[in-house]
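*Asks:* Below you'll find the structure I mean.
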Amino acid sequence: MMMRRFMWSLFLLAGLFVGGQALAAQKAALVIGNSAYRSVTPLVNPANDANDMAASLGRIGYAVTLVKDGDLAAMNDGLRAFLRDADHADSVVVFYSGHGVQVKGRNYLVPVSARISDELDLDTQTLSLDKLLELVDSAAPKVKIVILDSCRDNPLTRQLTRGAGTRGLARIDLDASSAKGTLIAFSTAPGSVAQDGSGRNSPFTTALLAHMETPGLDIRQMFGQVRADVDQSTQGGQTPWVNEAIIGSFAMAGKVETPQPVKAITVEPQANSQPVAQPAIEPQPQPEFQQQAAVEPVEPTPAPRNSQVEFILPDSGTRRLNWNDISGLSGQQLRLARNEIYARRGRYMKDTQLRAYFSQFSWYRPWTWNIELSAVEKANVALIQRAEAGQ
Numbered sequence: 004m005m006m007r008r009f010m011w012s013l014f015l016l017a018g019l020f021v022g023g024q025a026l027a028a029q030k031a032a033l034v035i036g037n038s039a040y041r042s043v044t045p046l047v048n049p050a051n052d053a054n055d056m057a058a059s060l061g062r063i064g065y066a067v068t069l070v071k072d073g074d075l076a077a078m079n080d081g082l083r084a085f086l087r088d089a090d091h092a093d094s095v096v097v098f099y100s101g102h103g104v105q106v107k108g109r110n111y112l113v114p115v116s117a118r119i120s121d122e123l124d125l126d127t128q129t130l131s132l133d134k135l136l137e138l139v140d141s142a143a144p145k146v147k148i149v150i151l152d153s154c155r156d157n158p159l160t161r162q163l164t165r166g167a168g169t170r171g172l173a174r175i176d177l178d179a180s181s182a183k184g185t186l187i188a189f190s191t192a193p194g195s196v197a198q199d200g201s202g203r204n205s206p207f208t209t210a211l212l213a214h215m216e217t218p219g220l221d222i223r224q225m226f227g228q229v230r231a232d233v234d235q236s237t238q239g240g241q242t243p244w245v246n247e248a249i250i251g252s253f254a255m256a257g258k259v260e261t262p263q264p265v266k267a268i269t270v271e272p273q274a275n276s277q278p279v280a281q282p283a284i285e286p287q288p289q290p291e292f293q294q295q296a297a298v299e300p301v302e303p304t305p306a307p308r309n310s311q312v313e314f315i316l317p318d319s320g321t322r323r324l325n326w327n328d329i330s331g332l333s334g335q336q337l338r339l340a341r342n343e344i345y346a347r348r349g350r351y352m353k354d355t356q357l358r359a360y361f362s363q364f365s366w367y368r369p370w371t372w373n374i375e376l377s378a379v380e381k382a383n384v385a386l387i388q389r390a391e392a393g394q
């Protein structure tokens, strides 16, 4: 048992690469879903759309920033957190589900707290889509995908003066200087109104979820299938619209490849060795973002029966541990044991060594920075931290 535990500390002691590639964040996503509007008609699907899209994007390798039922401050905080990841990403995705409004050809995404009486309120009460696109473009990823499920029949348009507000969202024409590598998808044609679904998700998001995780499926073909699904499910009442300038082929779920095994390194315990001090908790998002854009806990997806499942403490997510369970673990092993509690919940690991260690296991499916631990998990994290502090 002790020898096996020492073998599991291998990734914390080596220069780490998986499949021959450095483990820098190469995919980043911002997912916003606004349902609980306070001053206009609430929507049924967007919060569910956001949860499910975040989970799906996480499964195909995106580091996800999730904002649900966000006011303007929360949406801006989420955008800032996402842009930090986008600076190092090759491909980025922005997904928005909720109310959107166009005024004089410009589009605005509406926070749940918005109180709009006329056109003058737009700059202070909403998030400008033009500004969002400008910020995403400034990060200069190779592929930029913006998906808008926000063309519902919006009551805000009737509050704007002299018919300035128009149903649906306005068409976005890609600028020649920034078009390369960009795809913008609307849930329906510009100026048209999309349907809020009768089930868990909108028709558009339902179709996206059905195809997005297909390995090797080129994004143009993917949206073609999405368009066909939406047309069928709405009986011709809604037709998704896409404008794109992606060079070559691109599959959101990546190419069809056989994963390369990660070579293990056996590390023998050293007599009288002193563990290297490690931070008690891996870096978290900014506190105000956690409060304003809270993420509901998501149960980890069970691993397939034939997958490799290795844990330092296999039941630390379901049973309250005691000192006997963790005595004899090294500092490195305690750090792994503490972070595997977060990893089970799908937390994205900022530390490259931790990310490499957990990425060798098929049960690890990161999708968000924000997770909520159970009472048992919180108690076990606290116990392990005390053990780490005492070494």
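Residues in the sequence shown are numbered from 4 upward in steps of one, following the numbering used here. Here a beta-carbon is modelled for each residue, glycine too, at the ideal position from N, C-alpha and C. Since this is a predicted model, take the numbers as computed values, not measurements.
Go ahead and label residue 290 buried or exposed: buried means 16 or more other beta carbons lie within 10 angstroms of its beta carbon, across all protein chains shown.
*Replies:* One-based indexing of the sequence shown puts residue 290 at position 287. Note that residue 290 scores a pLDDT of 36, beneath 50, so its modelled location is shaky and nothing firm can be said.
*Asks:* So, for residue 203: in the same chain, excluding its five sequence neighbours on each side, which residues have a beta-carbon less than 6 Å away from its beta-carbon?
*Replies:* For the purposes of this step, residue 203 is taken as the residue at position 200 of the sequence shown. Same-chain partners within the cutoff: 51.
*Asks:* If we ignore side chains and look at the alpha-carbon of each, how far apart do residue 249 and residue 255 end up?
*Replies:* Along the sequence shown, one-based indexing puts residue 249 at 246. Along the sequence shown, one-based indexing puts residue 255 at 252. Each residue's alpha carbon lies about 12 Å from the other.
*Asks:* According to DSSP, is residue 105 part of a helix, a strand, or is it coil?
*Replies:* Here residue 105 is taken as the residue at index 102 of the sequence shown, counted from 1. The answer is strand: DSSP assigns residue 105 an E or B state.
*Asks:* Alpha carbon to alpha carbon, how far is residue 82 from residue 233? Give it in angstroms, no decimals.
*Replies:* The sequence position of residue 233 within the sequence shown is 230, counting from 1. The sequence position of residue 82 within the sequence shown is 79, counting from 1. Looking at the two C-alpha atoms, the distance is approximately 29 Å.
*Asks:* Name, in chain order, the residues that DSSP records as bridge partners for residue 350.
*Replies:* Stepping through the sequence shown from its first residue, residue 350 is reached at position 347. BP columns for residue 350 point to 371.
*Asks:* Within a Cβ cutoff of 6 Å, which residues of the same chain sit near residue 210, ignoring the five residues on either side of it in sequence?
*Replies:* As a position in the sequence shown, residue 210 is number 207, starting the count at 1. Hits under 6 Å: 229, 232 and 233.
*Asks:* Quick one: any contact between the region 145-153 and the region 91-107, if contact means 3 or more CB pairs under 8 Å?
*Replies:* Short answer: they touch.
*Asks:* Between the Cα of residue 370 and the Cα atoms of 326, 251, 353 and 316, which residue gives the shortest distance?
*Replies:* Mapped onto the sequence shown, residue 370 falls at position 367. The shortest Cα separation from residue 370 among 326, 251, 353 and 316 belongs to 353.
*Asks:* Within 10 Å of its beta-carbon, does residue 91 have 16 or more other beta-carbons around it, so buried, or fewer, so exposed?
*Replies:* Within the sequence shown, the letter at position 88 stands for residue 91. By the neighbour-count rule (16 or more Cβ atoms within 10 Å), residue 91 is not buried but exposed.
*Asks:* Quick check on the DSSP output: the alpha helix (DSSP H) that includes residue 36 runs from which residue to which?
*Replies:* Here residue 36 refers to the residue found at position 33 of the sequence shown. From DSSP, residue 36 is part of no alpha helix (DSSP H) but of the beta strand (DSSP E) over 30-36.
*Asks:* Count the other CB atoms within 10 Å of the CB of residue 326; is the residue buried (16 or more) or exposed (fewer)?
*Replies:* For the purposes of this step, residue 326 is taken as residue 323 along the sequence shown, with counting starting at 1. Flag for residue 326 reads exposed.
*Asks:* For residue 94, list the residues DSSP reports as bridge partners.
*Replies:* Residue 94 sits at position 91 when you count from the first residue of the sequence shown. Note: residue 94 sits in a beta bridge opposite 30 and 146.
*Asks:* Starting from residue 68, trace the beta strand (DSSP E) in both directions and tell me its first and last residue.
*Replies:* By 1-based counting over the sequence shown, the position of residue 68 is 65. Segment 66-71, the beta strand (DSSP E) holding residue 68.
*Asks:* Which residues does DSSP list as the beta-bridge partners of residue 247?
*Replies:* To locate residue 247, count along the sequence shown from 1; it is residue 244. Per DSSP, 186.
*Asks:* Touch check for the region 313-321 and the region 378-387: three-plus C-beta pairs under 8 Å?
*Replies:* Yes: at least three Cβ pairs fall under 8 Å.
*Asks:* Taking its Cβ as the centre, do 16 or more other Cβ atoms sit within 10 Å of residue 296, making it buried, or is it exposed?
*Replies:* The sequence position of residue 296 within the sequence shown is 293, counting from 1. Any reading at residue 296 needs caution, since the residue's pLDDT is 44, under 50, leaving its predicted position unreliable; the model's value is listed next. By the 10 Å Cβ count, residue 296 comes out buried.
*Asks:* For residue 254, which three-state DSSP category applies?
*Replies:* Counted from its first residue, the sequence shown places residue 254 at position 251. In this structure, residue 254 counts as strand in the three-state DSSP scheme.
*Asks:* Taking just the CA atoms, how far does residue 362 sit from residue 355?
*Replies:* Mapped onto the sequence shown, residue 355 falls at position 352. Mapped onto the sequence shown, residue 362 falls at position 359. Straight-line Cα distance between these residues: approximately 10 Å.
*Asks:* Within the region 314-349, note down every full alpha helix (DSSP H) run reaching 4 residues or more, in order along the chain.
*Replies:* DSSP runs (the alpha helix (DSSP H)) wholly in the region 314-349: 326-329 and 334-347.
*Asks:* Return helix, strand or coil for residue 112, following the three-state DSSP convention.
*Replies:* Taking the first residue of the sequence shown as 1, we reach residue 112 at position 109. In the structure shown, residue 112 sits in a strand (DSSP, three-state: E or B).
*Asks:* Would you kindly work out how many angstroms separate the C-alpha atoms of residue 138 and residue 116, rounded to a whole number?
*Replies:* Mapped onto the sequence shown, residue 138 falls at position 135. Mapped onto the sequence shown, residue 116 falls at position 113. Rounded to whole angstroms, residue 138 to residue 116 spans 23 Å at the Cα level.
*Asks:* Specify, as a first and last residue, the run of the alpha helix (DSSP H) that residue 59 falls within.
*Replies:* For the purposes of this step, residue 59 is taken as residue 56 along the sequence shown, with counting starting at 1. Where residue 59 is concerned, the enclosing alpha helix (DSSP H) stretches over 49-62.
*Asks:* Looking at the secondary structure, which residues open and close the alpha helix (DSSP H) in which residue 360 lies?
*Replies:* Counted from its first residue, the sequence shown places residue 360 at position 357. Residue 360 -> alpha helix (DSSP H) spans 355-362.
*Asks:* Could you please give the first and the last residue of the uninterrupted alpha helix (DSSP H) stretch that includes residue 222?
*Replies:* In the sequence shown, residue 222 corresponds to position 219, counting from 1. Residue 222 -> alpha helix (DSSP H) spans 222-236.
*Asks:* Among all the DSSP beta bridges, which residues are the ones paired with residue 99?
*Replies:* In the sequence shown, counting from the first residue as 1, residue 99 sits at position 96. Paired residue(s): 35 and 151.
*Asks:* Taking just the CA atoms, how far does residue 257 sit from residue 146?
*Replies:* Residue mapping note: residue 146 aligns to position 143 of the sequence shown, counting from 1. Residue mapping note: residue 257 aligns to position 254 of the sequence shown, counting from 1. Looking at the two C-alpha atoms, the distance is approximately 13 Å.
*Asks:* So, does the region 101-120 touch the region 212-221, judging by three or more C-beta pairs under 8 Å?
*Replies:* The region 101-120 vs the region 212-221: no contact.
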